[in-house]
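Comments concern the structure below.
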Amino acid sequence: MLLLIFAVLAGWMADTVNNPAAAIVVNIDNDAPAEIFIQVGKRRSISRVRFRVDADDVGSGNPVNGNRSIDIQLFIRAPAANPLTGFLTVDSSTPLNNGSGATIPVSEISWTSSSPDIPSGSFAGTSSQQLASFTSSVEVSDRHTFSYKNRNVYDAGTYNGQVTYTWFAP
Amino acid sequence: MNTYIKQLVAVASLYICSSISYSVQAETSSVTDGPGDNMTSSVRLKLRVIIPRFLQFQVGNAGASVDTISFQPTADTVGNGVAVPGTGGNASGGSGTSVVLRSNAGQIAIVADNDGGGGGLGSSGAISLSEITAHSDSSDLQTPQLSDGGATTTTATLTDGDITDRRATWSYAYKNSHPVEPGSYDVEIVYTAVSP
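Residue numbers (the working numbering), protein chains in the order written: chain A, 6 to 175; chain B, 6 to 201.
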């Protein structure tokens, strides 16, 4: 079986070299099931964005940029005869906490988008904040740069939390 | 024959890609629909904010310069017991000095000392610091009363948890209780904010 695949690939490669202008014909099955896909940050683990406030700048109102930007990719695919609309929402209702009872609302964090597909904005601190919607079939790639607003003084500590992006097609 | 081989490879590639996208990994999610089903996929993003301990204390103007509050009784009022308000502070109209105290490091104490470490105004402490009264316009950020011995203390009212975010205007007056020799009498007060 391995030898057979190798032979097939070798034949295709040789053919590409000998006939560079030849076309590749792909037949797409119109009965393929609809599909949605989303990826935020790393593929195999949960990405983290960290904001470190300087001691002489706590609560100054000067935004603090996150240590990394996050790539967001999503697509929705459906037969043209039965298009679907996908909605991207985010749950930011659980505040960040320092493990000692102090919290920071996630609404203190905003982002800037590299494209208008998923517009720049701030987390609302709610369970279902709609960020964007797209009609099939489309693929979207965006990069978000996050920022901590740094508007208030909070207890010292390391505050952890997470948001959940939901991509759904009803 | 060549066309057949190309189609075979293309189909094989599509199958491999399709198999990968069907798997659901940690922060990649892909869903295909069943009959009448909604499709929903969720991924997470962790956030971390690191807030350090800090203490910011400002009396008067910002920067390295030291503000001066002056008391100047007129010749016909020296020692008459009528208090003379201070002038020259950075607060509105020079009536006093503005004070800012911000911290997340717990209960903050404010200590007042003088540069003589045991004297009053003037090189020989000719005028006792008990002749100077200090007043705060905020009960949450009281000013220590001045003394020749120093080390008088107040505590600021916490705003929330370990947080202090207070502002006040501290104003001063010279009691003018008794006559003293003519001249200029100086002292430098050192305020220190102390966290636990």
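Positions of the beta carbon are idealized from the N, C-alpha and C atoms, including for glycine.
Since this is a predicted model, take the numbers as computed values, not measurements.
- Contact between residue 170 (chain A) and residue 43 (chain A) holds, since their C-beta atoms are separated by about 7 Å, short of 8 Å.
- Residues of chain B whose Cβ lies closer than 8 Å to the Cβ of residue 134 (chain A) do not exist, since the nearest Cβ in that chain is about 14 Å away.
- The C-alpha of residue 131 (chain B) is placed about 30 Å away from the C-alpha of residue 199 (chain B).
- B:126 is the residue among B:146, B:168, B:49 and B:126 whose C-alpha sits nearest the C-alpha of residue 152 (chain B).
- Against chain B, a Cβ distance below 8 Å from residue 101 (chain A) picks out 52, 53 and 54.
- For residue 126 (chain A), DSSP records a beta bridge to A:116.
- For residue 201 (chain B), the number of other beta carbons within 10 angstroms of its own is below 16, and it is reported as exposed.
- The C-beta separation of residue 171 (chain B) from residue 164 (chain B) comes to about 7 Å, placing the pair in contact by the 8 Å criterion.
- Under the three-state reduction of DSSP output, residue 32 (chain B) falls in the coil class, being neither helix nor strand.
- By the Cβ neighbour-count rule, residue 184 (chain B) is exposed, with fewer than 16 other Cβ atoms within 10 Å of its own.
- The segment 122–141 of chain A and the segment 85–100 of chain A touch, with no fewer than 3 CB-CB distances between them shorter than 8 Å.
- Spanning the alpha carbons of residue 65 (chain B) and residue 94 (chain B) requires a straight line of approximately 7 Å.
- Contact between the segment 45–55 of chain B and the segment 131–143 of chain B is not established, with fewer than three Cβ pairs separated by less than 8 Å.
- Within chain A, the C-beta atoms nearer than 7 Å to that of residue 166 (chain B) come from 107 and 160, in chain order.
- Annotation: Cβ neighbours of residue 61 (chain A) in chain B (cutoff 8 Å, chain order): 59 and 61.
- Distance between residue 155 (chain B) and residue 120 (chain B), taken at the CA atoms: about 9 Å.
- Residue 33 (chain B) and residue 151 (chain A) have their C-alpha atoms spaced approximately 20 Å apart.
- Taken atom to atom, the span from the alpha-carbon of residue 87 (chain B) to that of residue 104 (chain A) is near 57 Å.
- Judged by beta-carbon spacing, residue 145 (chain B) lies within the 8 Å limit of residue 162 (chain B), meaning their Cβ atoms are closer than that value.
- Residues of the segment 37–58 of chain A that bring their beta carbon within less than 9 Å of a beta carbon in chain B comprise 37, 38, 39, 40, 41, 42, 43, 44, 45, 46, 47, 48, 49, 50, 51, 52, 53, 54, 55, 56, 57 and 58, in sequence order.
- Using beta-carbon distances, residue 110 (chain B) counts as an interface residue toward chain A, with a partner under 8 Å.
- Contact check for residue 116 (chain B) against residue 149 (chain B) passes: the beta carbons are separated by less than 8 Å.
- Within the segment 30–109 of chain B, the runs of beta strand (DSSP E) at least 3 residues long that lie entirely inside it are, in chain order, 33–37, 44–56, 60–64 and 102–108.
- Sequence-distant partners of residue 119 (chain A) (beyond 5 residues in either direction) whose C-beta falls short of 7 Å from its own C-beta, in its chain, are 147 and 148.
- The Cβ atoms of residue 178 (chain B) and residue 90 (chain B) sit closer than 8 Å to each other.
- Think of a sphere of 9 Å around the beta carbon of residue 174 (chain A): the chain B residues whose beta carbon falls inside it are 36, 38, 43, 44 and 45, in chain order.
- The Cβ of residue 170 (chain B) sits closer than 8 Å to at least one Cβ of chain A.
- Secondary structure note for residue 167 (chain A): its beta strand (DSSP E) is the uninterrupted segment 162–174.
- Between residue 123 (chain A) and chain B, the shortest Cβ-Cβ separation is not below 8 Å.
- If you look at residue 71 (chain A), you'll find it in the beta strand (DSSP E) that goes 69–82.
- Per DSSP, the unbroken beta strand (DSSP E) holding residue 119 (chain B) starts and ends at 114–119.
- Beta-bridge partners of residue 144 (chain A) (DSSP): A:80.
- With contact defined as three or more Cβ pairs closer than 8 Å, the segment 68–81 of chain A and the segment 42–60 of chain A are in contact.
- Between residue 89 (chain A) and residue 141 (chain A) a beta carbon distance of about 5 Å is seen, short of the 8 Å cut, so the two are scored as contacting.
- In this structure, residue 167 (chain B) sits near residue 110 (chain B), with a CB-CB distance shorter than 8 Å.
- Apart from the 5 residues on each side of it in sequence, residue 197 (chain B) sits with its Cβ closer than 6 Å to the Cβ of 116 in its chain, given in chain order.
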